[in-house]
Amino acid sequence: MFEMPEKVTIREVGPRDGLQNEEENIATEDKIDWINLLSQSGLDYIEFSSFVHPKWIPQLKDAREVAEGITRTPGITYAALVPNRKGLENAIDTDVDEVSVFMSASETHNKKNINKTIEETYRVLEEVVTEAKAAGKTVRGYVSTVFGCPYEGKVAPSRVFEVSNRLFQMGIDELSLGDTIGVANPKQVDEFLKQMEENVPFSKVAMHFHNTSGMALANVLVSLERGITKFDAALGGLGGCPYADGASGNLATDDLVHMLEEMGIETGVNQEKLAEAATFIQSRISKELPSHQMQIRNRQGGRNDG
Numbered sequence: 001m002f003e004m005p006e007k008v009t010i011r012e013v014g015p016r017d018g019l020q021n022e023e024e025n026i027a028t029e030d031k032i033d034w035i036n037l038l039s040q041s042g043l044d045y046i047e048f049s050s051f052v053h054p055k056w057i058p059q060l061k062d063a064r065e066v067a068e069g070i071t072r073t074p075g076i077t078y079a080a081l082v083p084n085r086k087g088l089e090n091a092i093d094t095d096v097d098e099v100s101v102f103m104s105a106s107e108t109h110n111k112k113n114i115n116k117t118i119e120e121t122y123r124v125l126e127e128v129v130t131e132a133k134a135a136g137k138t139v140r141g142y143v144s145t146v147f148g149c150p151y152e153g154k155v156a157p158s159r160v161f162e163v164s165n166r167l168f169q170m171g172i173d174e175l176s177l178g179d180t181i182g183v184a185n186p187k188q189v190d191e192f193l194k195q196m197e198e199n200v201p202f203s204k205v206a207m208h209f210h211n212t213s214g215m216a217l218a219n220v221l222v223s224l225e226r227g228i229t230k231f232d233a234a235l236g237g238l239g240g241c242p243y244a245d246g247a248s249g250n251l252a253t254d255d256l257v258h259m260l261e262e263m264g265i266e267t268g269v270n271q272e273k274l275a276e277a278a279t280f281i282q283s284r285i286s287k288e289l290p291s292h293q294m295q296i297r298n299r300q301g302g303r304n305d306g
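Numbering (the UniProt record's numbering), first residue to last: 1 to 306.
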């Protein structure tokens, strides 16, 4: 077997990427309590919300209240997504540790998701990144539709590298590459990362897999083999795919931690504390979480409805 890393870093994105696709609106107090539980699990990075206009993502309209209400544990990075300068102002005003900017490698998806061309998006994000860095914030860049677009199909790796390098030139500290619709397979990921290593600052790359086709953990294994040690995940596999009704959402944090720890790879995460946080948020939504770890718990003890 390949040489395994000793440690992997997990970026918990459930409170943002997980909840933004949920049909139900979770009460602000419940979000705060959930994030506080996540903070007790050993995770050192939590993306807690997004400072976007409520018209676009009503589920996250309480980003400011959440930012001001959570208990911030020393050593944990609390991050938020910002689409523009207005979002950045709110993020700075609530003293987030890190801001995330986002765009797509697909022109069509970028227009439908952000309502701007890729070139227009560069100009907006350049201002945001510059101002965020001036305010002393670290900046993370998301690139979506890396392995496939719901409108254009396969996306050329060269397009991904071009967008990624533009973001690095702006000054981002880390790049998250997203399999937005969950179509990537291990062979594709392996070939992509082999090329990526030659074209992009590889040590600053994190992978963001969705489990729509059930291949997220397999794609993680291939990424580990290629030297990737940072992964985005959402507790319980929270979140859906906006382009595939009923599809599974994000790579599940609890499944990822379980696999890595079983392989002897350190995550720093307490699985029992993680399960407590997962059980809590499951009790606040009208369905069972899809992760394997939560399915096991639900079968063993019945669903906990709080």
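By construction, the Cβ of each residue, glycine as well, lies at the ideal position given by its N, Cα and C atoms.
For residue i, the nearest candidate out of the options (CA to CA)
i: Gly-178; options: Arg-284, Glu-152, Val-160, Leu-221; result: Val-160
i: Thr-28; options: Ile-35, Ile-296, Asp-44, Asp-62; result: Asp-62
i: Phe-147; options: His-292, Ala-184, Thr-121; result: Ala-184
i: Glu-174; options: Asn-165, Thr-180, Gly-182; result: Asn-165
i: Pro-15; options: Val-129, Ala-91, Gln-59; result: Gln-59
i: Phe-202; options: Leu-224, Asn-219, Gln-40, Ser-213; result: Leu-224
i: Asp-190; options: Ala-218, Val-96, Lys-204, Leu-125; result: Ala-218
i: Gln-271; options: Gln-40, Gly-18, Asp-95; result: Gln-40
i: Val-101; options: Ser-158, Phe-51, Ile-57; result: Phe-51
i: Asp-97; options: Lys-111, Glu-127, Thr-138; result: Thr-138
i: Ser-176; options: Thr-229, Val-257, Ile-92; result: Thr-229
i: His-258; options: Ser-286, Gly-249, Val-220, Ile-281; result: Val-220
i: Cys-149; options: Tyr-142, Arg-123, Ile-181, Arg-64; result: Ile-181
Contacting residues, own chain, Cβ-Cβ under 6 Å from residue i (five flanking each side not counted)
i: Arg-284; result: Ile-26, Asp-30
i: Lys-7; result: Glu-266
i: Leu-193; result: Arg-226
i: Ser-291; result: Gly-236, Gly-237, Ala-252, Asp-254, Asp-255
i: Ala-244; result: At Ala-244, the pLDDT of 48 sits below 50, so the modelled position is not reliable and the matter cannot be decided from this model.
i: Leu-125; result: Val-101
Coarse secondary structure for residue i, derived from DSSP in three states
i: Leu-238; result: coil
i: Thr-28; result: helix
i: Ala-244; result: For Ala-244, the pLDDT reaches just 48, beneath the cut-off of 50, and the residue's location in the model is therefore unreliable, leaving the point undetermined.
i: Glu-276; result: helix
i: Asp-305; result: Interpretation of Asp-305 is limited by its pLDDT of 48, a score under 50 that renders its predicted location unreliable; no figure is taken from the coordinates.
i: Arg-11; result: strand
i: Ser-39; result: helix
i: Asp-232; result: strand
i: Thr-145; result: coil
i: Asn-115; result: coil
i: Glu-266; result: strand
i: Gly-87; result: helix
i: Met-170; result: helix
i: Thr-138; result: strand
Residues of its chain near residue i, where Cβ-Cβ distance is below 7 Å and the 5 sequence neighbours each way are ignored
i: Gly-268; result: Gly-42, Asp-44
Residue i: CB within 8 Å of a non-hydrogen atom of the ligand SAH
i: Gly-14; result: As for the ligand SAH, it is missing from this structure, which has no ligand bound.
Beta-carbon proximity list for residue i, same chain, < 8 Å, skipping 5 on both sides
i: Gly-264; result: Met-4
i: Phe-231; result: Val-8, Thr-9, Ile-10, Arg-11, Ala-206, Met-207, His-208, Phe-209, Val-220, Ser-223, Leu-251, Leu-256
**Prompt:** Along the chain, which unbroken stretches of the beta strand (DSSP E) at least 3 residues long are found entirely within the segment 183 to 228?
**Reply:** The qualifying runs are 205 to 208.
**Prompt:** Do three or more CB pairs link the segment 157 to 171 to the segment 127 to 141 at distances below 8 Å?
**Reply:** Verdict: yes, contact present.
**Item:** Any alpha helix (DSSP H) of 4 or more consecutive residues that is wholly inside the segment 48 to 77
**Value:** Runs found: 63 to 69.
**Message:** Contact between the segment 73 to 82 and the segment 111 to 127 is defined here as three or more beta-carbon pairs at a separation below 8 Å; is this criterion met?
**Reply:** Judged by Cβ distances under 8 Å, the segment 73 to 82 makes no contact with the segment 111 to 127, as fewer than three pairs qualify.
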